[in-house]
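S.K.:
Protein chains in written order, with our numbering: chain A, 101 to 466; chain B, 549 to 864.
#1: Rounded to a whole number of angstroms, what is the C-alpha to C-alpha distance between residue 843 of chain B and residue 152 of chain A?
#2: Within its chain, find whatever has a CB closer than 7 angstroms to the CB of residue 439 of chain A; leave out the 5 residues flanking it on each side and keep chain order.
#3: Can you tell me which of B:740, B:705, B:622, B:733 puts its alpha carbon nearest to the alpha carbon of residue 715 of chain B?
#4: By a C-beta neighbour count over all protein chains shown, 10 Å radius and 16 as the cutoff for buried, is residue 556 of chain B buried or exposed?
#5: Run through DSSP, which three-state label would residue 578 of chain B get?
#6: For residue 904 of chain B, is the classification buried or exposed, using 16 other Cβ atoms within 10 angstroms of its Cβ as the cut-off for buried?
#7: Under a Cβ-count criterion, where at least 16 other Cβ atoms within 10 Å of its own Cβ denotes burial, should residue 604 of chain B be classed as buried or exposed?
#8: What does the Cβ neighbour count give for residue 296 of chain A, buried or exposed, with the cut at 16 atoms within 10 Å?
#9: Is the beta carbon of residue 172 of chain A less than 7 angstroms from the beta carbon of residue 319 of chain A?
#10: Could you run through the stretch 160-172 of chain A and flag, in chain order, every residue whose CB is less than 8 angstroms away from some CB of chain B?
#11: Between A:367, A:444, A:252, which lies nearest to residue 292 of chain A when the distance is taken from Cα to Cα?
#12: According to DSSP, is residue 449 of chain A helix, strand or coil?
#13: Which of helix, strand or coil does DSSP assign to residue 405 of chain A?
#14: Would residue 631 of chain B count as contacting chain D if we go by Cβ distances under 7 angstroms?
#15: Can you look up residue 378 of chain A in the DSSP assignment and give me helix, strand or coil?
#16: Starting from the Cα of residue 111 of chain A, find the closest Cα among A:430, A:348, A:379, A:447 and give me that residue.
#17: Can you tell me which residues form a DSSP beta bridge with residue 829 of chain B?
#18: Where does residue 349 of chain A sit, in a helix, a strand or coil, going by DSSP?
#19: Which residues in the same chain have their Cβ closer than 6 angstroms to the Cβ of residue 361 of chain A, if we skip the five residues on either side of it in sequence?
#20: Can you have a look at residue 563 of chain B and say buried or exposed, based on whether 16 or more other CB atoms are within 10 angstroms of its CB?
#21: Return the CA-CA distance between residue 847 of chain B and residue 638 of chain B, expressed in angstroms with no decimal places.
#22: Using only CA atoms, which one of A:134, A:306, A:123 lies nearest to residue 338 of chain A?
#23: Between which two residues does the alpha helix (DSSP H) containing residue 286 of chain A stretch?
#24: How big is the Cα-Cα spacing for residue 192 of chain A and residue 300 of chain A?
#25: Under the three-state reduction of DSSP, which class applies to residue 807 of chain B: helix, strand or coil?
#26: Between residue 770 of chain B and chain A, is any beta-carbon pair separated by less than 7 angstroms?
#27: Relative to the C-alpha of residue 808 of chain B, which residue among B:561, B:608, B:616, B:599 is closest?
#28: Taking the alpha carbon of residue 411 of chain A as the reference point, which residue from A:365, A:290, A:178, A:157 has its own alpha carbon closest?
#29: Per the DSSP calculation, residue 430 of chain A is bridged to which residue(s)?
#30: What does residue 656 of chain B pair with, by DSSP beta-bridge criteria?
#31: Leaving out five residues on either side along the sequence, give the residues of the same chain with a beta carbon under 7 angstroms from the beta carbon of residue 120 of chain A.
#32: If you draw a straight line from the C-alpha of residue 565 of chain B to the C-alpha of residue 791 of chain B, how long is it?
#33: Give the secondary structure of residue 766 of chain B by DSSP, where H, G and I count as helix, E and B as strand, and everything else as coil.
#34: Can you confirm whether residue 708 of chain B, when its beta carbon is compared against all beta carbons of chain A, has any partner nearer than 7 angstroms?
#35: Report buried or exposed for residue 452 of chain A, applying the criterion of at least 16 other Cβ atoms within 10 angstroms of its Cβ.
#36: Which of helix, strand or coil does DSSP assign to residue 443 of chain A?
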């Protein structure tokens, strides 16, 4: 059995580690490239959203390398994601691939169920082995998110933001090879030290932008045209409202702190949206308001073209923006890989925020 | 005398504006880009250089979708996106302007200003139905010079209703109305109304459009569109004198601002029209991204390179 799975940001690092340590033979899909996108677009329904198409590209490229088992998540609720796996199965069947797809339906917050589902794949694995493999993979996931958060702040202070990105990539390469939890933590410390050794201008007071929106396009830089890097290079502190570790822990462990966190988002969204609308629609609204309360200069919403939950959110955002005097930029992402128009909008948005701030402190405005 | 140069290289037109120290336009040029931005920039500089005599260029700004390319060729002091450039020009021409409607060749935008500061903007996202290219195409289909398009619209008695959400729908709707026997004037007026409706629903969605309103971009020359805006918004629409070169005007102003901090301009001089610029591109085969890397040579020297997704080709 050779197992593969779709890409989503740096998720592959944790999943590969988990599967490997459970004794599975893993064939990771090659990094997402134009070819992945071309394959996905060619074989998916035209009106499907972008993540489905890229998933298809990932599967085909992995199957070409010899994978025979695909592990994919399922879902419930109004977002089309819940039906992804079924549609994808049909597409790959039509193409004549010989493979097995295992769909993990949402774990409904109970460990026993979660393990039961996994047992299906990992029949031979002892539970203690599973726990230790999980712990390492989980630590990797958390550590990546911590590092990413730090990097997104420090680019704004670095004289050469590109060197921060370079250090981050080097960190990810090292992390991939690390099999020891303690070593992981020292890797993060090492990354922070190296960044602090760079040429930094800590006297700057950078603009702060929060990113909200649909999870896949927020997490996957190929689809959002490296938004975090681009903003960082424009000297902006970037904060993502969604991290993989938060998302997993929210769905897996329904402990008090997670419930409280989500309750806060719902509460913030309440004046505008009172119930779940699928995907991350509600979170987009709630997090936008929380960013405003935390004093962020602006918010960018990312959505795949035709994403229903984000369309609901998008139609509410202008009102929030007006009432709270908080600039919000909605970016709709699809197949385009040319980023000139994207950069124009980002640049103009950053200019707008900079002038707004200067105006508030009574500076010179053209 | 001293001057500041602004260059806006867009998909359809390339504009140059020469500004003096008092923000007055000394010269302006409007050229068709015709898919050859480098040649057009060189021709533009040559023409401008011949016109202006011994004015000393103190600063240069570029904007538009080819702003980086233009910046490399002329040696720009400031390279800015077209939204900022248009907003700067608008608030310079009409201080206190609160709404800027801009319709260009391939994109359209709306800019909302309050107290001279951009507070909101939007650009058309996935649709070109409300842009100049579409009008251009329809004008040539009806064999009417685009310059007369607007005048004809004003002569309409009862504009026909044309679907405006999508240029494909609009075109088939137009043909259908033609075949029913409606006169050209009424159809053109209907098209202007459809375009305005589409613009306001799409680009202007949820925006608070307050007077004074400035309408600029190449399409602002079209009186039919201007009238349709005025009717739909029930407001006075101002079309500035230099409406078709506002981007270039804005970038000249930005260049002037920039030179307050910068000592010496990077302008390479009007002689750049003498250099030969060559562009070569190749497909990198290091990974399946197959990036198309573009090299820009000034004579034999490599002056810029772009198109890559990874650092491999970063160094020039």
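Each residue gets a CB set at the ideal place from its N, CA and C atoms; glycine is no exception.
M.R.: Quick look at the numbers:
#1: To locate residue 843 of chain B, count along the second chain from 1; it is residue 295. To locate residue 152 of chain A, count along the first chain from 1; it is residue 52. CA-CA distance, residue 843 of chain B to residue 152 of chain A, rounds to 35 angstroms.
#2: Residue mapping note: residue 439 of chain A aligns to position 339 of the first chain, counting from 1. Cβ neighbours of residue 439 of chain A beyond the five flanking positions: 325.
#3: Residue numbering aside, residue 715 of chain B sits at position 167 when the second chain is read from its first letter. Ranked by Cα distance from residue 715 of chain B, the options B:740, B:705, B:622, B:733 are led by B:740.
#4: Counting from one through the second chain, the residue named residue 556 of chain B turns up at place 8. Buried, since its Cβ has 16 or more Cβ neighbours within 10 Å.
#5: Within the second chain, the letter at position 30 stands for residue 578 of chain B. Reduced to three states, the DSSP call for residue 578 of chain B is strand.
#6: Given that chain B is displayed from residue 549 to residue 864, the structure contains no residue 904 of chain B and the question cannot be resolved.
#7: The count along the second chain starts at 1 and reaches residue 604 of chain B at position 56. Exposed is the call here.
#8: In the first chain, the residue the question calls residue 296 of chain A occupies position 196. Residue 296 of chain A counts as exposed, since fewer than 16 other beta carbons sit within 10 angstroms of its beta carbon.
#9: On the first chain, residue 172 of chain A is found 72 positions in, with the first residue counted as 1. On the first chain, residue 319 of chain A is found 219 positions in, with the first residue counted as 1. No. Outside cutoff.
#10: Those would be none; no residue qualifies.
#11: What you label residue 292 of chain A is simply residue 192 of the first chain in a count that begins at 1. Across the set A:367, A:444, A:252, the C-alpha of A:252 shows the shortest separation from the C-alpha of residue 292 of chain A.
#12: Here residue 449 of chain A refers to the residue found at position 349 of the first chain. Three-state result, residue 449 of chain A: helix.
#13: Counted from its first residue, the first chain places residue 405 of chain A at position 305. Three-state result, residue 405 of chain A: coil.
#14: No chain D appears in this structure, whose protein chains are A and B.
#15: Taking the first chain and counting its residues from 1, the one referred to as residue 378 of chain A is at position 278. Looking at residue 378 of chain A - three-state DSSP - the assignment turns out to be coil, as it is neither helix nor strand.
#16: Here residue 111 of chain A is taken as the residue at index 11 of the first chain, counted from 1. If we check each option's Cα against that of residue 111 of chain A, A:348 comes out closest.
#17: Taking the second chain and counting its residues from 1, the one referred to as residue 829 of chain B is at position 281. According to DSSP, residue 829 of chain B bridges with B:842.
#18: In the first chain, counting from the first residue as 1, residue 349 of chain A sits at position 249. Residue state, collapsed to three classes: helix.
#19: Taking the first chain and counting its residues from 1, the one referred to as residue 361 of chain A is at position 261. Nothing listed; no residue qualifies.
#20: Start at 1 with the first residue of the second chain, and residue 563 of chain B comes out as number 15. Classification of residue 563 of chain B: buried, given that the 10 Å Cβ count is 16 or more.
#21: What you label residue 847 of chain B is simply residue 299 of the second chain in a count that begins at 1. What you label residue 638 of chain B is simply residue 90 of the second chain in a count that begins at 1. Rounded to the nearest angstrom, the gap between the Cα atoms of residue 847 of chain B and residue 638 of chain B is 38 angstroms.
#22: Counting from 1 along the first chain, the entry for residue 338 of chain A is found at position 238. The shortest Cα separation from residue 338 of chain A among A:134, A:306, A:123 belongs to A:306.
#23: Reading the first chain from its first residue, position 186 is the one you call residue 286 of chain A. Taken as a continuous stretch (DSSP letters only), the alpha helix (DSSP H) holding residue 286 of chain A covers 281-297.
#24: Here residue 192 of chain A refers to the residue found at position 92 when the first chain is read from its first residue. Here residue 300 of chain A refers to the residue found at position 200 when the first chain is read from its first residue. Near 50 angstroms, if we compare the C-alpha coordinates of residue 300 of chain A and residue 192 of chain A.
#25: Residue numbering aside, residue 807 of chain B sits at position 259 when the second chain is read from its first letter. Assigned with DSSP and collapsed to three states, residue 807 of chain B falls in coil, not helix or strand.
#26: The residue you call residue 770 of chain B lines up with position 222 of the second chain. The beta-carbon of residue 770 of chain B is placed no less than 7 angstroms from the nearest beta-carbon of chain A.
#27: Mapped onto the second chain, residue 808 of chain B falls at position 260. Checking every option, the nearest Cα to that of residue 808 of chain B belongs to B:608.
#28: The residue you call residue 411 of chain A lines up with position 311 of the first chain. In this structure, A:178 is the residue among A:365, A:290, A:178, A:157 with its C-alpha nearest to the C-alpha of residue 411 of chain A.
#29: In the first chain, residue 430 of chain A corresponds to position 330, counting from 1. Answer is A:401, bridged to residue 430 of chain A.
#30: As a working mapping, residue 656 of chain B is identified with position 108 in the second chain. According to DSSP, which records beta bridges pairwise, residue 656 of chain B is partnered with B:651.
#31: Here residue 120 of chain A corresponds to residue number 20 of the first chain, with the count starting at 1. Same-chain partners within the cutoff: 126.
#32: Position 17 of the second chain, counted from the start, is the residue given in the question as residue 565 of chain B. Position 243 of the second chain, counted from the start, is the residue given in the question as residue 791 of chain B. Residue 565 of chain B and residue 791 of chain B have their C-alpha atoms spaced approximately 12 angstroms apart.
#33: Position 218 of the second chain, counting from 1, holds the residue named residue 766 of chain B. If DSSP states are grouped into helix, strand and coil, residue 766 of chain B belongs with the helices.
#34: Taking the first residue of the second chain as position 1, residue 708 of chain B is located at position 160. Not one chain A Cβ lies under 7 angstroms of residue 708 of chain B.
#35: Position 352 of the first chain holds residue 452 of chain A. Its Cβ being crowded by 16 or more others within 10 Å, residue 452 of chain A is buried.
#36: Within the first chain, residue 443 of chain A is the residue found at index 343, counting from 1. Helix.
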